[in-house]
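Numbering (the working numbering), first residue to last: 888 to 1003.
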């Protein structure tokens, strides 16, 4: 009878896997900051378009009056509600993606592929 040598693999917890990952260098961090900045800019553009549509519809239904402003964008630029809305969009974006992020997901995939 032959005995097979089995590899002993230790299973690390998520915290141990996270701590064993190498730290990101400056270029990676700057890349992540630029990526987040571009994502937030795109999201703010979308949120602004939604706000513009809502104001145009509200003006057509005579809910609000924008006659004191040159256009709808002028009305929004002087609105504290609009500024608060954009701030809430930014906060919700980062809160959602930072709370659901899996920083060691790439490490787990490498660990599972190299163990095979």
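No residue lacks a Cβ here, since even glycine has one placed at the ideal position from N, Cα and C. These numbers were taken from a predicted model, which means no experiment stands behind them.
Around the CB of residue 920, fewer than 16 other CB atoms lie within 10 Å, so the residue is classed as exposed. For residue 986, the enclosing alpha helix (DSSP H) covers residues 967 to 986. In the DSSP annotation of this structure, the continuous segment of the alpha helix (DSSP H) that includes residue 923 starts and ends at 913 to 947. Looking at the backbone, the Cα of residue 979 and that of residue 905 are separated by about 25 Å. Apart from the 5 residues on each side of it in sequence, residue 931 sits with its Cβ closer than 7 Å to the Cβ of 973 and 976 in its chain, given in chain order.
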